[in-house]
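In the working numbering, the protein residues as written are 2 to 364.
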Ligand SMILES: *Cc1c(COP(=O)(O)O)cnc(C)c1O
């Protein structure tokens with residue numbers, strides 16, 4: 002073990018619960034007394050199949066996923082699903098393949114670009130004009146009657162913009178939940194599809210999770226790669242090919258950890274506490290500022306700027322010296338970003354706020 006772990010505010014791959022990592026270091030060598038590590042056993046063997054089924058069930062319990070939704074563990078991350086979604090769903094549109102998009106940042110921009118390869122990607126609303134610092138009001142969305150679905154990103158990881166309520170639409174709602182899955186309580190029935198990569202709020206990169214209402218299955222375009230055909234994967238326990246076994250194992254361990262913390266509602270309470278503490282610090286300061294509209298501020302990715310940008314480097318360096326790592330913002334937006342997913346303890350945010358106040362006093 003390293004002498005000391007730092008508070009890692011990276012956006013993803015991101016910090017994981019230490020007790021889960023400690024368990025994993027043992028299980029990598031010898032899992033369940035098999036004399037073999039978890040990465041070395043057959044995905045179809047008894048031990049791994051049980052681990053897989055438990056991970057699915059624990060996720061169902063945590064998110065209260067109804068039985069009429071399939072839970073898929075897929076490879077290719079969220080970006081892969083940007084292609085899989087139109088291929089699996091766009092044929093549902095009545096006048097040729099088409100979907101609506103609400104663009105709130107670079108992740109939805111990427112989704113639009115990818116979907117446009119398979120059909121019409123109609124932008125129903127966008128906050129591009131103000132630099133993606135808010136979410137267009139629901140009343141302004143120009144939704145189509147003939148779209149197969151409406152695509153949103155529930156939390157834009159780069160800009161730090163998050164839907165506080167799940168919008169109501171007539172078409173099935175498809176949400177990229179990569180960076181705020183399991184951070185807050187949702188009514189799953191408001192969604193047609195939820196999808197995301199695991200490396201923000203769940204586990205290691207390489208695992209993607211897609212939760213899809215079963216009545217939307219069965220419409221994949223013939224060109225759909227087999228491994229991204231949701232219907233075929235749903236019929237085969239997501240095992241049409243060898244699944245990312247270590248990713249599934251670790252996600253399962255995180256799900257168990259979440260259950261021990263009291264589940265998603267308990268995490269949401271702590272997440273509100275952490276985010277409030279940080280935004281209060283920003284709002285009360287004369288050095289720091291947030292560009293995101295207060296009603297759209299992300300609880301997971303807190304973006305902020307130093308009013309004197311010449312201090313950026315010093316801020317990041319001095320923070321790192323105090324064990325506060327990876328605070329630099331995404332290169333496309335600059336500034337700072339503190340990603341405070343479920344696995345970031347309250348103490349980490351307290352330490353960050355303490356440092357920010359101290360830094361401000363010192364300049
Ligand atoms: C990180 C991220 C992605 C990309 O995930 P990959 O696993 O790299 O494909 C997509 N959408 C959002 C919202 C993200 O935060």
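Yeah, the Cβ is synthetic: ideal placement off N, Cα and C, and Gly gets one too.
Selection from the options that minimises the alpha carbon distance to residue i
i, options, result
"residue 208", "56, 363, 78", "78"
"residue 99", "108, 352, 115", "115"
"residue 1", "108, 304, 88", "Here the chain covers residues 2 to 364 and nothing more, so residue 1 does not appear."
"residue 329", "316, 341, 355, 128", "316"
"residue 357", "331, 321, 334, 335", "321"
"residue 213", "352, 90, 340, 354", "90"
"residue 308", "136, 21, 286, 323", "286"
"residue 346", "121, 269, 293, 288", "269"
"residue 220", "244, 86, 15", "86"
"residue 333", "193, 132, 217", "132"
"residue 264", "339, 295, 60", "60"
"residue 147", "24, 95, 117, 215", "95"
"residue 294", "50, 34, 137", "137"
"residue 73", "324, 197, 289", "197"
"residue 289", "348, 362, 169, 46", "362"
"residue 54", "142, 244, 217, 284", "244"
"residue 272", "241, 130, 349", "349"
"residue 282", "352, 324, 331", "352"
"residue 66", "341, 364, 195, 33", "195"
"residue 341", "296, 280, 45, 323", "280"
"residue 339", "276, 33, 22", "276"
"residue 383", "117, 8, 172", "An answer regarding residue 383 cannot be provided, because it is not within the stretch 2 to 364 covered by the chain."
"residue 1", "323, 75, 117", "Residue coverage of the chain in this structure runs from 2 to 364, which leaves residue 1 outside it and unanswerable."
Short Cβ contact (9 Å threshold) for residue i with residue j
i, j, result
"residue 278", "residue 181", "no"
"residue 12", "residue 327", "yes"
"residue 343", "residue 262", "yes"
"residue 145", "residue 176", "no"
"residue 104", "residue 140", "no"
"residue 319", "residue 335", "no"
"residue 56", "residue 249", "yes"
"residue 305", "residue 337", "yes"
"residue 260", "residue 62", "yes"
"residue 156", "residue 186", "no"
"residue 122", "residue 231", "no"
"residue 19", "residue 6", "yes"
"residue 64", "residue 189", "yes"
Whole-Å CB distance - residue i paired with residue j, under 8 Å assumed
i, j, result
"residue 183", "residue 153", "About 18 Å; that fails the 8 Å criterion."
"residue 246", "residue 40", "6 Å"
"residue 377", "residue 93", "Nothing in the structure corresponds to residue 377, since the chain is present only between 2 and 364."
"residue 251", "residue 223", "Not a contact, Cβ separation roughly 35 Å."
"residue 167", "residue 191", "5 Å"
"residue 81", "residue 229", "7 Å"
"residue 106", "residue 159", "6 Å"
"residue 421", "residue 134", "Given a span of 2 to 364 for the chain in the structure shown, any question on residue 421 remains unanswerable."
"residue 112", "residue 83", "5 Å"
"residue 193", "residue 217", "6 Å"
"residue 200", "residue 25", "Not really, about 15 Å apart at Cβ, beyond 8 Å."
"residue 10", "residue 325", "7 Å"
beta-carbon residue i near ligand 3 non-hydrogen atom, thresh 8 Å
i, result
"residue 79", "The model on display carries ligand 1 but not ligand 3."
Requested in this report: Say whether the segment 252-263 touches the segment 29-41, bearing in mind that this needs 3 or more beta-carbon pairs closer than 8 Å, one atom from each stretch.
Outcome: no
Query - contact_flag[the segment 93-107, the segment 230-247] where n(CB pairs < 8 Å) is 3 or more - result: no
**Report entry** Whole runs of the beta strand (DSSP E) within the segment 187-228, excluding any shorter than 3 residues
**Finding:** 194-198, 209-214
Query - Inter-stretch contact (C-beta, 8 Å, three-pair minimum) for the segment 163-171 and the segment 292-300 - result: yes
**Report entry** Uninterrupted beta strand (DSSP E) stretches inside the segment 330-364 (no shorter than 3 residues)
**Finding:** 337-340
Query - beta strand (DSSP E) segments (min. 3 residues) lying fully within the segment 16-75 - result: Listed in chain order, the complete beta strand (DSSP E) runs (minimum 3 residues) inside the segment 16-75 are 70-75.
**Report entry** Uninterrupted alpha helix (DSSP H) stretches inside the segment 77-161 (no shorter than 4 residues)
**Finding:** 78-90, 107-116
Query raised in the report: Residue ranges of each beta strand (DSSP E) run of no fewer than 3 residues wholly in the segment 294-324, ordered along the chain?
Result: 302-307
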